[in-house]
Each structure stands twice: as C-alpha cells, then as structure tokens.
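Undergrad:
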Amino acid sequence: KAGVTQTPRYLIKTRGQQVTLSCSPISGHRSVSWYQQTPGQGLQFLFEYFSETQRNKGNFPGRFSGRQFSNSRSEMNVSTLELGDSALYLCASSPRTGSDEQFFGPGTRLTVL
Amino acid sequence: KQEVTQIPAALSVPEGENLVLNCSFTDSAIYNLQWFRQDPGKGLTSLLLIQSSQREQTSGRLNASLDKSSGRSTLYIAASQPGDSATYLCAGVSRRSQGNLIFGKGTKLSVKP
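See below:
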C-alpha cells in the first residue's frame with residue numbers, strides 16, 4: 035500500500051505571496067491532519083479534515099486554511115506569507131480519526147524569503 | 522493545556538548498548554500515545570502506538586510502555602545500532618487535545634559504531 039504523499043517537496047516563496055500544499059493520504063484513510071514543524075516550536079497541529087469537513091483547528095491565524103476533497107486528498111493554503119512561516123509542513127493520515135494511529139508523509143519544506 | 526516533555530534532549534551511546542528514552546505528559550486523561558522516529562529533513566515514521574487499553578507495545582528491538590497514573594511513557598531500544606541514530610518523538614492524544622497529537626520536542630539519538 036502506498037504511503038502518504040506530499041507535493042511539492044520543496045518550495046521557495048517571498049513574503050506576501052501565497053502557497054498551496056497538497057497531501058494524498060493512504061488509500062482508505064479518511065482523516066487528514068496537518069502539522070507545522072519549526073526548530074523553535076517543534077511540531078504543532080494546524081487542522082484536521084474528515085469527510086471533507088474541518089473537524090479541528092489549532093491555534094494558527096486565519097491565513098492558514100485547508101480543504102479536503104471527496105477522494106480524501108487535502109490541500110492547505112497559506113496566504114500573505116511571512117518569514118516565520120518557513121517550516122516543514124507535514125501531513126498525516128489515519129483511518130477514521132486523529133486518535134487512530136497516524137501515518138506521516140515526507141513533508142513539504144517551505145522557505146519564505 | 523497538554524504538554525509533553527522528553528528527556529534527555531540528546532543522547533550519544535556506543536553501539537550495542539540498551540537505552541531508554543523518556544516522555545512525560547501533564548494530562549493524565551491521555552488515551553493514545555505514539556512514538557515516532559524522524560531522520561534529518563524527513564517525515565515521521567510511526568514506531569509504536571499504545572492505545573488506551575494497553576500498557577505496552579513491542580516491535581522487534583523496541584518496547585514502549587505507558588503509565589497513565591504517573592504521566593510517563595518510555596521507549597526501550599535494545600542492542601542499539603548506528604542505523605538507530607535519529608530523533609525520537611513521542612506524541613499523546615487526549616480529550617483536551619480534541620483527538621489530535623501533542624508532540625514533545627524529541628530526543629536526538631546518536632549511536633556510535
């Protein structure tokens with residue numbers, strides 16, 4: 035079974051731009067969660083989607099948004115990029131909920147200049 | 522607020538040694554605890570999941586235990602090898618986290634040949 039895939043793997047953007055990241059979960063998994071990883075803050079939860087609905091959201095500004103499609107694939111969008119948004123963005127999938135075992139993708143490394 | 526602490530932050534051991542990584546959490550209402558491994562610049566690999574009804578899990582040379590009453594989990598690695606060098610992260614799920622993972626900052630392990 036293929037694992038979680040994320041595209042693109044690397045992105046370089048400038049301040050003020052916006053970016054869209056994509057995540058394809060493991061086949062059959064319906065829950066997709068997004069996390070941000072930085073050296074200072076570690077891994078922090080962004081949001082979780084299940085059956086195309088946002089089920090939970092972490093403590094991030096409204097510039098961070100996401101959505102999930104009927105095939106469970108998910109995208110996250112960051113608008114008006116700031117230098118502090120530079121991070122590794124990780125997507126995780128699980129069969130039903132965030133409390134099931136979660137499987138992570140390789141991440142998207144975003145650099146904001 | 523659920524907090525997860527990992528001690529030590531870094532550990533260097535000679536090959537062949539048995540070692541223990543520690544994880545403590547403030548919320549005793551934790552019901553799942555998952556251990557991950559992260560190689561530099563990569564995503565997270567799930568190692569072990571301990572669910573609410575369990576006290577420990579084993580996979581190969583790895584054994585993880587969970588003691589909810591003391592708010593602690595340990596990851597035991599037997600006969601360490603250079604290939605075990607990575608950052609090990611524990612993450613808990615509780616009602617307060619609304620079913621999503623709260624991560625510790627990790628223990629960076631280096632196994633010297």
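These protein sequence lines are chains A and B, in that order. Residue 146 in this note's numbering sits at position 112 of the first sequence, with consecutive numbering throughout. Residue 584 in this note's numbering sits at position 63 of the second sequence, with consecutive numbering throughout. Ideal Cβ positions, reconstructed from N, Cα and C, are used throughout, including at glycine.
Are the segment 136-146 of chain A and the segment 37-56 of chain A touching, with three or more C-beta to C-beta distances below 8 Å?
TA: Verdict: yes, contact present.
Undergrad: Give a yes or no on whether the C-beta atoms belonging to B:I551 and B:G613 are separated by under 7 Å.
TA: Contact flag set, yes.
Undergrad: The beta strand (DSSP E) that contains B:Q619, what's its start and end?
TA: Note, B:Q619: premise wrong, no beta strand (DSSP E); not H, not E.
Undergrad: For B:K563, which option in A:T87, A:V38, A:R89, A:M110 has the closest C-alpha, if you only look at C-alpha atoms?
TA: Nearest option by C-alpha distance: A:V38.
Undergrad: May I ask you to list the residues that DSSP assigns as paired with B:I528?
TA: According to DSSP, which records beta bridges pairwise, B:I528 is partnered with B:N543.
Undergrad: Let's test the definition: count the other Cβ atoms within 10 Å of the Cβ of A:Q40 and tell me whether it reaches 16, buried, or not, exposed.
TA: When all chains shown are included, A:Q40 counts as buried.
Undergrad: Exposed or buried, A:G62, counting other C-beta atoms within 10 Å across all chains shown (16 or more means buried)?
TA: A:G62 is exposed by the Cβ-count criterion.
Undergrad: What residue does the beta strand (DSSP E) around B:D588 start on, and which one ends it?
TA: That run of the beta strand (DSSP E) goes 583-588.
Undergrad: Between A:P156 and the rest of its own chain, which residues show a CB-CB distance below 7 Å, the 5 nearest in sequence each way excluded?
TA: The requested residue 156 of chain A does not occur in the structure, where chain A is confined to residues 35 to 147.
Undergrad: Note down, in chain order, all residues in the segment 608-625 of chain B with a beta-carbon under 8 Å from any beta-carbon belonging to chain A.
TA: Hits within the stretch, in order: L610, A612, V614, S618, Q619, G620, N621, L622, I623, F624, G625.
Undergrad: Measure how close the beta-carbons of B:L565 and B:L532 come, nearest whole angstrom, since I'm counting them as under 8 Å.
TA: With a Cβ gap of about 19 Å, B:L565 and B:L532 do not count as contacting.
Undergrad: Can you name the residues that DSSP bridges to A:N90?
TA: Beta-bridge pairing links A:N90 to A:E82.
Undergrad: Do three or more CB pairs link the segment 591-606 of chain B to the segment 541-550 of chain B at distances below 8 Å?
TA: With the cut-off at 8 Å, the segment 591-606 of chain B and the segment 541-550 of chain B touch.
Undergrad: Taking the DSSP output, what are the residues bridged to B:A612?
TA: BP columns for B:A612 point to B:Q555, B:F624.
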